[in-house]
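Each remark here refers to the structure printed beneath this line.
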Amino acid sequence: MPRPSWAIALVVAACALAATAAVAPAAPGCRATPDDGFGPFGQGTPPVRARIGSGHVLTGVVLSALDCKPLARARVELWQRGKNGYTRATSATVFTNREGRFRFEGPYPMLYGGGSPHIHLRITAPVHRQLVTRYEPLRGARRGTVQLVLMPAAL
């Protein structure tokens with residue numbers, strides 16, 4: 387049975403509205419953090435803990451690109467390479483607080499093979515796209531900070 391023209395028009399309008407919302411611009415001064423692809427993570431999900439050693443403290447804030455507001459309870463997985471690669475021993479999961487902030491402590495990221503010392507991060511938050519990026523500390527720095535801005539999920 388054919389659908390009435392008003393029903394078809396309603397579906398077309400809803401699709402147009404969804405497409406517009408999916409590409410809504412970011413809040414001024416709150417550009418999304420670029421995704422750098424999937425890193426060489428270990429298997430499974432890292433254990434929930436804020437410390438895997440000492441020597442370097444990474445703090446950060448997770449924000450929404452839509453309104454630049456902090457994302458509470460965002461899941462931040464951190465993966466460092468150790469002597470045996472990326473393992474549970476060199477990884478952790480932390481959650482952001484009400485202000486979207488997190489803290490992680492571990493050894494200064496070591497260089498095994500090529501590239502520069504770094505920590506891989508995978509961030510997930512409700513109604514936002516997952517972000518995979520990495521943090522590269524300044525040479526010898528004992529502290530670092532990051533601002534991670536997530537894009538809202540497409541409607």
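Residue 531 in this note's numbering sits at position 145 of the sequence shown, and the numbers go up by one each step. All C-beta atoms in this analysis are idealised placements derived from N, C-alpha and C, irrespective of residue type, glycine included.
Practice problem: Using 10 angstroms around the beta-carbon of A527, count the other beta-carbons present and answer buried if the total reaches 16, otherwise exposed. | Solution: exposed
Quiz item: N483 to L497, Cα distance in whole Å?
Solution: 31 Å
Self-check item: Counterpart residues of R489 in DSSP-defined beta bridges
Solution: T445
Exercise. Can you say whether Q466 is buried or exposed, counting buried as having 16 or more other CB atoms within 10 angstroms of its CB?
Key: buried
Quiz item: Between the C-alpha atoms of R459 and R520, what's the straight-line distance to the nearest angstrom?
Solution: 20 Å
Quiz item: Hey, out of A436, L449, E463, whose CA is closest to L554's CA?
Solution: Because residue 554 is not part of the residues shown, which for the chain are 387 to 541, the question remains open.
Exercise. Return the first residue and the last residue of the beta strand (DSSP E) that Y521 is part of.
Key: 517 to 521
Quiz item: Secondary structure at T476, three-state DSSP: helix, strand or coil?
Solution: helix
Quiz item: Helix, strand or coil for R528 per DSSP?
Solution: coil
Quiz item: Is it the case that the Cβ atoms of R510 and T445 are separated by a distance below 7 Å?
Solution: The amino acid at residue 510 is misidentified as Arg; the sequence shows Thr. Contact flag unset, no.
Practice problem: Could you pull the start and end residues of the beta strand (DSSP E) that R417 belongs to? | Solution: Taken as a continuous stretch (DSSP letters only), R417 belongs to no beta strand (DSSP E), as it is neither H nor E.
Exercise. List the DSSP bridge partners of H506.
Key: W465, R520
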